[in-house]
Amino acid sequence: MHPVRFYTYLLLSSLGGVSSFRTALAQSTTLTAATQPASADEQVIVTGTRSTNQTARSSLSPVSIISAAQLATTGQADLRDALAQLTPSISLPPFGWGASGPLLSISMRGLSSNHVLVLVNGKRRHQTAQINTTISGGRGPDPVDLDLIPASAIDHFEILSDGAAAQYGSDAIAGVVNIILKKTQNTLSLQALNGGYYRGDGFTTNESANFGGAIGSRGYYNASVEFKHNDRTVRDGADNRSGIPTALGQPVSQSIGIQPTTRELVSINLGYDITDDVSFYAFGTYGHSDSQQAYYYRLPPTPAILAPNGYIPYVASAQNDYSFTAGFKGHVFHDWNWDVSSTYGGNINDQSAYNIFNPALYTATGYTPTTFAVGSQSDTQWTTNADIRRDFDTKILPAPLSVAFGAEYRYETYTLGAGDWAARYGGALSGAAAVQTTDASAHGRDVTAGYIDLGTTVLPKWRIDLAGRFEHYTDAGDTETGKISSRYDINRFISLRGTVSNGFRAPTLQEEYYQAQSYSPTGSSGQVAVSSPAARYLGAKPLRPERSTNFSAGFVLNPLRNLHVSVDAYQITLRNRIVSGGSYTGQQAISALELNGYTVGPAISPSAVSTSYFTNGVNTRTRGVDISATYDLDLRQNGRLAIDVGLNLNETDILKVGRDLNNNPLLNAQQRAWLTSYTPRNKLIFGGRWTTGRFDISAHEIRYGHTTSQLTYYTGPYAYSNSVFREFTETPKFETNLEVGYKATSRLHLALGANNLFNAKMRKLPYANRYLGSTPYDYNVAQMSWNGGFYYFRANYNL
Numbered sequence: 001m002h003p004v005r006f007y008t009y010l011l012l013s014s015l016g017g018v019s020s021f022r023t024a025l026a027q028s029t030t031l032t033a034a035t036q037p038a039s040a041d042e043q044v045i046v047t048g049t050r051s052t053n054q055t056a057r058s059s060l061s062p063v064s065i066i067s068a069a070q071l072a073t074t075g076q077a078d079l080r081d082a083l084a085q086l087t088p089s090i091s092l093p094p095f096g097w098g099a100s101g102p103l104l105s106i107s108m109r110g111l112s113s114n115h116v117l118v119l120v121n122g123k124r125r126h127q128t129a130q131i132n133t134t135i136s137g138g139r140g141p142d143p144v145d146l147d148l149i150p151a152s153a154i155d156h157f158e159i160l161s162d163g164a165a166a167q168y169g170s171d172a173i174a175g176v177v178n179i180i181l182k183k184t185q186n187t188l189s190l191q192a193l194n195g196g197y198y199r200g201d202g203f204t205t206n207e208s209a210n211f212g213g214a215i216g217s218r219g220y221y222n223a224s225v226e227f228k229h230n231d232r233t234v235r236d237g238a239d240n241r242s243g244i245p246t247a248l249g250q251p252v253s254q255s256i257g258i259q260p261t262t263r264e265l266v267s268i269n270l271g272y273d274i275t276d277d278v279s280f281y282a283f284g285t286y287g288h289s290d291s292q293q294a295y296y297y298r299l300p301p302t303p304a305i306l307a308p309n310g311y312i313p314y315v316a317s318a319q320n321d322y323s324f325t326a327g328f329k330g331h332v333f334h335d336w337n338w339d340v341s342s343t344y345g346g347n348i349n350d351q352s353a354y355n356i357f358n359p360a361l362y363t364a365t366g367y368t369p370t371t372f373a374v375g376s377q378s379d380t381q382w383t384t385n386a387d388i389r390r391d392f393d394t395k396i397l398p399a400p401l402s403v404a405f406g407a408e409y410r411y412e413t414y415t416l417g418a419g420d421w422a423a424r425y426g427g428a429l430s431g432a433a434a435v436q437t438t439d440a441s442a443h444g445r446d447v448t449a450g451y452i453d454l455g456t457t458v459l460p461k462w463r464i465d466l467a468g469r470f471e472h473y474t475d476a477g478d479t480e481t482g483k484i485s486s487r488y489d490i491n492r493f494i495s496l497r498g499t500v501s502n503g504f505r506a507p508t509l510q511e512e513y514y515q516a517q518s519y520s521p522t523g524s525s526g527q528v529a530v531s532s533p534a535a536r537y538l539g540a541k542p543l544r545p546e547r548s549t550n551f552s553a554g555f556v557l558n559p560l561r562n563l564h565v566s567v568d569a570y571q572i573t574l575r576n577r578i579v580s581g582g583s584y585t586g587q588q589a590i591s592a593l594e595l596n597g598y599t600v601g602p603a604i605s606p607s608a609v610s611t612s613y614f615t616n617g618v619n620t621r622t623r624g625v626d627i628s629a630t631y632d633l634d635l636r637q638n639g640r641l642a643i644d645v646g647l648n649l650n651e652t653d654i655l656k657v658g659r660d661l662n663n664n665p666l667l668n669a670q671q672r673a674w675l676t677s678y679t680p681r682n683k684l685i686f687g688g689r690w691t692t693g694r695f696d697i698s699a700h701e702i703r704y705g706h707t708t709s710q711l712t713y714y715t716g717p718y719a720y721s722n723s724v725f726r727e728f729t730e731t732p733k734f735e736t737n738l739e740v741g742y743k744a745t746s747r748l749h750l751a752l753g754a755n756n757l758f759n760a761k762m763r764k765l766p767y768a769n770r771y772l773g774s775t776p777y778d779y780n781v782a783q784m785s786w787n788g789g790f791y792y793f794r795a796n797y798n799l
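To convert, note that position 675 of the sequence shown is 675 in the working numbering; the numbers rise steadily by one, no gaps.
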């Protein structure tokens with residue numbers, strides 16, 4: 001589509017998406033999306049504390065609040081992209097690969113996305129069923145998919161940048177992201193966002209409605225519906241292989257870029273006061289997602305009659321994601337507060353492949369389908385909590401002693417389903433991996449936990465919080481964690497704070513049991529379960545929980561009435577870190593795969609065959625500093641200006657690399673770099689928001705620090721080497737984000753914006769390190785996106 005016509009369509013479609021609702025609107029009041037609270041730091045928080053009156057500014061650990069208005073002004077259709085644009089310590093890889101392409105999740109402080117615990121209204125959120133076997137650039141094996149939660153349902157995020165396993169359990173090592181849902185009543189808010197990329201591709205649309213009301217005179221409900229869709233972007237280079245049909249010229253694959261995805265999302269949040277002392281609450285989300293991942297272009301198969309001009313395989317993922325929580329809370333017996341709840345959630349991912357063939361089936365029968373069901377994955381979590389809290393007046397301490405304790409039971413399941421008969425026949429499709437019946441399995445485990453939290457002010461300006469937790473996993477054993485936090489307010493201008501804690505992360509069921517073989521145009525790789533015959537042959541050891549030790553220390557400054565600064569230094573030491581390691585190639589890999597019943601075709605060179613498994617492969621130490629500052633200025637007749645600056649400095653070092661039972665190191669130089677230098681050493685965000693009259697302008701600049709990669713050679717004497725790599729430095733990059741808004745009426749707000757206004761991109765790779773010539777960028781690096789500038793129009797209508 002011509003760029004002028006394309007961007008004209010963006011404007012008209014956004015206006016049309018809003019105006020189509022206008023006849024249904026009724027009288028009521030709400031804030032526009034451009035309105036922000038006077039000071040989010042003064043908002044009472046519920047994350048990282050059991051206290052009922054603690055604000056973000058007075059917290060003992062660093063907690064930041066991101067409002068729905070701030071999310072909207074990023075112009076991002078996906079929550080993970082919005083959070084990364086607003087928070088320096090949050091990063092995400094720009095690209096997902098293969099069947100796990102849709103799994104782009106957030107990570108914090110340079111660690112894996114599995115080191116971030118996600119809560120919704122303070123309740124643990126389930127993870128995705130789909131596993132990511134490439135752990136690089138902050139990716140985790142099976143993270144929480146934030147984009148299956150409607151953005152329109154979110155009131156704000158509370159982001160705790162600190163270890164919190166003693167408070168919340170497994171995974172809370174780098175931090176906690178708590179999503180607080182809206183409770184607003186008598187409102188209807190509509191939003192339409194449409195945009196596209198500089199090249200004129202990747203059209204994105206996001207339409208949503210949020211509405212709330214009363215349940216009698218004692219309750220409320222708030223609900224959201226949302227539709228998201230994005231088209232494909234293609235950033236592949238020209239194919240450099242010989243033997244390509246001349247009629248096709250130099251075909252360009254469609255594997256490098258954003259893959260087309262459609263999501264339909266709904267949510268509900270409600271509460272009802274049964275009596276003055278007892279309340280009922282419930283909330284839930286449901287999301288359906290369809291995505292399509294293109295693989296590399298394939299040369300004509302044997303026999304060539306199946307695709308004489310070659311073909312591009314596609315893998316489609318259909319996800320159904322659901323979560324529902326119901327509970328009761330109240331108070332009895334002189335201010336004893338209690339809360340009992342149960343949450344059931346899960347994720348189902350059915351995968352199919354099309355535009356591919358089964359050569360073995362064709363040889364045997366003279367026929368092959370071109371569409372196959374290649375497998376499925378599903379997981380569930382059923383979590384039940386009982387929490388009790390009370391403040392005690394000790395008559396000795398200057399403030400009440402807060403005591404909280406509780407128990408948790410969680411049942412987790414994971415199922416890996418086989419592909420259909422046609423996909424499994426012969427052991428290998430022509431462009432995708434099918435789960436074999438020998439790989440299919442179902443597993444479950446029980447988790448029980450108990451915790452206690454104590455907090456008080458020991459001196460008029462000195463507060464201390466203590467937390468302890470015990471957990472038992474039926475497959476991973478017992479663990480005890482603890483945390484001590486302290487804050488001292490020297491005066492009203494400066495405060496000191498710090499924490500010491502230990503944490504853990506239990507291996508997920510996916511990490512323990514997933515296995516499959518995959519194929520590329522020139523090679524084959526297998527991810528095998530750690531307990532499988534293949535892994536045992538390679539010297540694998542049983543998985544153990546990760547252990548962490550966290551230290552943080554910092555200060556908070558309030559030198560002026562509207563100037564607030566926080567600086568927090570941290571160190572996170574991780575032991576027994578789980579990685580996809582032990583990468584074996586050649587005949588050793590082929591022999592291991594054969595023990596699992598896999599086959600490798602004779603046309604594939606042994607040097608292009610590899611296998612790996614999840615293992616406790618490394619000990620790491622991450623050190624860094626988080627700095628943030630905000631300053632609000634009243635410009636009188638010229639409006640208001642809110643300035644914000646955020647900086648994250650981060651460095652991860654490897655302390656020890658493990659060895660398998662055959663005394664082979666579990667990580668090579670490339671895998672080491674995935675952990676230490678694929679995430680920028682620093683990330684700076686600075687800018688502000690100016691509002692005057694009917695106009696508002698939001699402008700932010702993001703500077704991404706350099707990254708260093710160890711690149712695989714695909715041509716020359718070191719092609720596919722597992723020990724010789726090219727070191728490649730991605731230079732620092734700047735990204736400019738701008739939005740200009742206009743309040744057309746008291747209810748309608750319009751905005752034009754750009755993410756990456758000047759179309760900055762990453763460096764291109766040397767030709768020897770581009771797979772088949774098709775990968776011009778390093779898709780493992782968690783720096784800026786190489787899709788280029790994104791330009792959008794946004795409209796909000798509120799009643």
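Backbone N, C-alpha and C define an ideal beta-carbon position, used for all residues, glycine too.
Bear in mind the structure is a predicted one, so any value in this text is a computation, not a measurement.
Do residue i and residue j have their C-beta atoms within less than 8 angstroms of each other?
i: Glu651; j: Gly693; result: no
i: Gly455; j: Ser402; result: yes
i: Arg445; j: Ala434; result: no
i: Val63; j: Leu117; result: no
i: Tyr281; j: Gly327; result: yes
i: Pro533; j: Asn616; result: no
i: Gly789; j: Tyr198; result: yes
i: Lys329; j: Trp336; result: no
i: Gln43; j: Thr55; result: yes
i: Ala407; j: Ala360; result: no
Going straight from the alpha carbon of residue i to that of residue j, what length do you get?
i: Thr622; j: Asp273; result: 46 angstroms
i: Thr573; j: Ser67; result: 32 angstroms
i: Gly364; j: Asn358; result: Note that residue 364 is Ala in the sequence shown here, rather than Gly. About 10 angstroms.
i: Lys123; j: Tyr451; result: 15 angstroms
i: Thr368; j: Ala589; result: 29 angstroms
i: Ser531; j: Tyr488; result: 50 angstroms
i: Gly639; j: Ala760; result: 32 angstroms
i: Ser217; j: Phe211; result: 18 angstroms
i: Ser289; j: Thr204; result: 15 angstroms
Buried or exposed: where does residue i fall if 16 or more other Cβ atoms within 10 Å of its Cβ makes it buried?
i: Phe734; result: exposed
i: Pro313; result: buried
i: Glu512; result: buried
i: Pro545; result: buried
i: Gly815; result: Outside the shown range of the chain, which is 1 to 799, sits residue 815, and nothing can be said about it.
i: Gln783; result: buried
i: Asn737; result: buried
i: Ala669; result: exposed
Going by DSSP, name the residue or residues bridged to residue i.
i: Asn222; result: Gly212, Asn269
i: Trp336; result: Val332
i: Val234; result: Answer is none; Val234 lacks a bridge partner.
i: Glu735; result: Ile702
i: Ile106; result: DSSP output for Ile106 lists no bridge partner at all.
Report the option in the options whose CA atom is closest to the CA atom of residue i.
i: Val579; options: Ile590, Arg659, Ser518, Asp632; result: Arg659
i: Thr712; options: Trp674, Gly688, Asn121, Glu594; result: Trp674
i: Gln85; options: Leu190, Leu799, Arg794, Ser785; result: Ser785
i: Thr679; options: Thr708, Asn663, Gln671; result: Thr708
i: Ala192; options: Gly175, Thr73, Gly216; result: Thr73
i: Gln377; options: Thr370, Asn355, Asn347; result: Asn347
i: Ile65; options: Val46, Asn53, Gly75; result: Val46
i: Leu757; options: Tyr514, Tyr791, Leu595; result: Tyr791
i: Asn780; options: Tyr168, Leu799, Thr729; result: Thr729
i: Asn662; options: Leu655, Ser430, Ala535, Leu750; result: Ala535
i: Pro398; options: Gly419, Leu459, Ala166; result: Leu459
Against chain D, does residue i count as a neighbour if the rule is that its beta carbon must be under 8 angstroms from one of theirs?
i: Leu299; result: Going by chain labels, chain D is absent from the structure shown, which holds only one protein chain.
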